[in-house]
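*Asks:* I'd like to ask you about the structure that follows.
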Amino acid sequence: PVDGGPLRFAVVGLGWFGPDVAIPAIAESDYCETTTVVSGDRAKAERVADEKDVEHALTYDDFADGEAADAYDAVYVVTPNALHLPHVETAADLGKHVLCEKPLEATADRARQCVEACDEAGVELMTAYRMQTTRSVRWVRDTVQDGAIGDPVQVRGAFGYNLIAAGEDTDQWRLDPDLAGGGPLMDLGIYPLNTARFVLDSDPVAVHASTVEGPPEFDGLEKYCAFTMEFPDGPVAQCDTGYEVAGTNYFEVGGTRGRIRVDRPFDVDGDRRITVEQEGEETAVDVDEPSEMVEEFDYFATGVLTDMEIGPDGEHGHFDVRTTEAVYESAETGERVDL
Ligand code: NDP
Numbered sequence: 035p036v037d038g039g040p041l042r043f044a045v046v047g048l049g050w051f052g053p054d055v056a057i058p059a060i061a062e063s064d065y066c067e068t069t070t071v072v073s074g075d076r077a078k079a080e081r082v083a084d085e086k087d088v089e090h091a092l093t094y095d096d097f098a099d100g101e102a103a104d105a106y107d108a109v110y111v112v113t114p115n116a117l118h119l120p121h122v123e124t125a126a127d128l129g130k131h132v133l134c135e136k137p138l139e140a141t142a143d144r145a146r147q148c149v150e151a152c153d154e155a156g157v158e159l160m161t162a163y164r165m166q167t168t169r170s171v172r173w174v175r176d177t178v179q180d181g182a183i184g185d186p187v188q189v190r191g192a193f194g195y196n197l198i199a200a201g202e203d204t205d206q207w208r209l210d211p212d213l214a215g216g217g218p219l220m221d222l223g224i225y226p227l228n229t230a231r232f233v234l235d236s237d238p239v240a241v242h243a244s245t246v247e248g249p250p251e252f253d254g255l256e257k258y259c260a261f262t263m264e265f266p267d268g269p270v271a272q273c274d275t276g277y278e279v280a281g282t283n284y285f286e287v288g289g290t291r292g293r294i295r296v297d298r299p300f301d302v303d304g305d306r307r308i309t310v311e312q313e314g315e316e317t318a319v320d321v322d323e324p325s326e327m328v329e330e331f332d333y334f335a336t337g338v339l340t341d342m343e344i345g346p347d348g349e350h351g352h353f354d355v356r357t358t359e360a361v362y363e364s365a366e367t368g369e370r371v372d373l
């Protein structure tokens, strides 16, 4: 048990991920509780509050006015990418810690403003990269860092899905450049991008990229993006993402003495498979996987309640958005872009 808990959350944005994935994970966690839900639609807020047994149902205006602010200690922001900043700023103004969904914002400038708002208010800001609490991914990171495959030299990662074949409405915020900040790179490509940084424990210094524009309903956004990130002292990560491919989802690190691959690392609570190849021998590794969402919320709460340093922080999330901008710049100019 952690003294002072549970950490009480206001969940801001009641689309898919907040009510269907995050609120159940909070309910299952040891150190967190949802006391407040916030929506643009009061009737929806009341319905979700009722269904999930949550005390306070607020609109975004109520939240900005500080209504029921005594009922929560932290804010989980789970709205479209370009609508993270106003809620992060409100939370910071109210002195609440913030767990903000990925990508931190739709532009690097707005992501930086999220970081500044929380720094100025003296509250924690964590970017909600759940793969950093995924046990398989953590196992890969530890194994690579321990030198089991020699020096990591080539990383490969991909995450994509067929949005059209999945029957999704093309009139949605993920295909609106103003709300999403980009195409599948912002939504999905950011997973291998960030996982490469996490597993290598290093930040890229340059990117080279290409994109393929989507159909007219993609409103100028790419349907495919491939990018290479160069890391200091040699490792290179090649990643790709798209909204047309069915279920591409893997991450692999090639080292000077072996290789580790995880299949399906990026699905929520996915069915993951790890394969390690050393000296020509392939071995399957079984890692016990609790829900990474529950781990993420409990990790954040423990950090806040015990005053522990929390990561990935806002600056870490800001770096990724800066990298996505460099990816788009490189795709447009055809040039390698330094970070
Ligand atoms: P949804 O489209 O399902 O829901 C977004 C919700 O945001 C809407 O239902 C709405 O809730 C609110 N909203 C406020 N303004 C707008 C607007 N102008 N247009 C559309 N919605 C609006 O999105 P998700 O829940 O899938 O994604 C939300 C965030 O979470 C994104 O940043 C996404 O990248 C991230 N995400 C992270 C995942 C992860 O695994 N970590 C997985 C999925 C998403 P209301 O009606 O209550 O105001």
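If you count by the working numbering, then the sequence shown holds residues 35 to 373, one letter each, in order.
Beta carbons are placed, not taken as given, at the ideal position from N, Cα and C, and that holds for glycine.
1. Going by other Cβ atoms of all chains shown within 10 Å of its Cβ, with 16 needed for buried, is MET327 buried or exposed?
2. Take GLY337 and list the residues in its own chain whose beta-carbon comes closer than 6 angstroms to its own, dropping the five residues that flank it on each side.
3. Quick check: is any heavy atom of ligand 1 less than 7 angstroms from the C-beta of ARG81?
4. Please state whether DSSP places VAL233 in a helix, a strand or coil.
5. If you follow the alpha helix (DSSP H) that LEU133 is part of, which residue opens it and which one closes it?
6. Comparing C-alpha positions only, which one of ALA182, ASP221, TYR225 and PHE193 sits nearest to GLU311?
7. Residue range of the beta strand (DSSP E) that ASP274 falls in?
8. Which residues does DSSP list as the beta-bridge partners of HIS242?
9. Could you tell me whether any Cβ in chain C is nearer than 8 angstroms to the Cβ of TYR163?
10. Tell whether a beta-carbon distance below 8 angstroms holds between ILE198 and THR358.
11. Mapping DSSP to helix, strand and coil, what is GLU330?
12. Identify, in the order they occur along the chain, each residue of the same chain with its Cβ nearer than 6 angstroms to the Cβ of ARG76, setting aside the five sequence neighbours on each side.
13. Leaving out five residues before and five after ASP107 in sequence, what residues of the same chain have Cβ atoms less than 8 angstroms from its Cβ?
14. Whether or not the segment 301-317 and the segment 216-235 are in contact is what I'm after, with contact meaning three or more pairs of Cβ atoms, one per stretch, closer than 8 angstroms; do they touch?
15. Helix, strand or coil for ARG144 per DSSP?
16. Using a 10 Å radius around the Cβ and a threshold of 16 neighbouring Cβ atoms, would you call GLU256 buried or exposed?
17. Using C-beta distances below 8 angstroms, list every residue in its chain close to PHE232, excluding the 5 sequence neighbours before and after it, in chain order.
*Replies:* Taking the coordinates as given:
1. As a position in the sequence shown, residue 327 is number 293, starting the count at 1. By the 10 Å Cβ count, MET327 comes out buried.
2. Looking up residue 337 in the sequence shown gives position 303. Excluding five sequence positions before and after GLY337, the CB atoms of its chain that fall closer than 6 angstroms to its own CB belong to ILE344, given in chain order.
3. Taking the sequence shown and counting its residues from 1, one reaches residue 81 at position 47. In this structure, ARG81 has its beta carbon at no less than 7 angstroms from each heavy atom of ligand 1.
4. The residue you call residue 233 lines up with position 199 of the sequence shown. In this structure, VAL233 counts as helix in the three-state DSSP scheme.
5. On the sequence shown, position 99 is the one that residue 133 refers to. Unbroken run through LEU133 is the beta strand (DSSP E), 131-135; no alpha helix (DSSP H).
6. Numbered from 1 along the sequence shown, position 277 holds the residue referred to as residue 311. Here the closest residue by C-alpha is ALA182.
7. The sequence position of residue 274 within the sequence shown is 240, counting from 1. For ASP274, the enclosing beta strand (DSSP E) starts and ends at 270-276.
8. As a position in the sequence shown, residue 242 is number 208, starting the count at 1. Beta-bridge pairing links HIS242 to THR262.
9. No chain C is part of this structure, which consists of one protein chain only.
10. The residue labelled residue 198 in the question sits at position 164 within the sequence shown. The residue labelled residue 358 in the question sits at position 324 within the sequence shown. Not a contact, by the Cβ cut-off of 8 angstroms.
11. By one-based count along the sequence shown, residue 330 stands at place 296. When secondary structure is reduced to three states using DSSP, GLU330 falls in the helix class.
12. The count along the sequence shown starts at 1 and reaches residue 76 at position 42. Listed in chain order, the non-local C-beta contacts of ARG76 below 6 angstroms within the same chain comprise THR93, local neighbours out to five positions each way being set aside.
13. Within the sequence shown, numbered from 1, the residue matching residue 107 stands at position 73. Cβ neighbours of ASP107 beyond the five flanking positions: LEU41, ARG42, PHE43, LYS130, HIS131 and VAL338.
14. Between the segment 216-235 and the segment 301-317 there are fewer than three inter-stretch CB-CB distances shorter than 8 angstroms, so the stretches are not counted as touching.
15. Here residue 144 refers to the residue found at position 110 when the sequence shown is read from its first residue. ARG144 carries a helical assignment under DSSP once its states are collapsed to helix, strand and coil.
16. The count along the sequence shown starts at 1 and reaches residue 256 at position 222. Buried, by the Cβ-count rule.
17. As a working note, residue 232 is residue 198 in the sequence shown. Correct list, in chain order: TYR163, MET165, GLN166, VAL171, ARG175 and PRO346.
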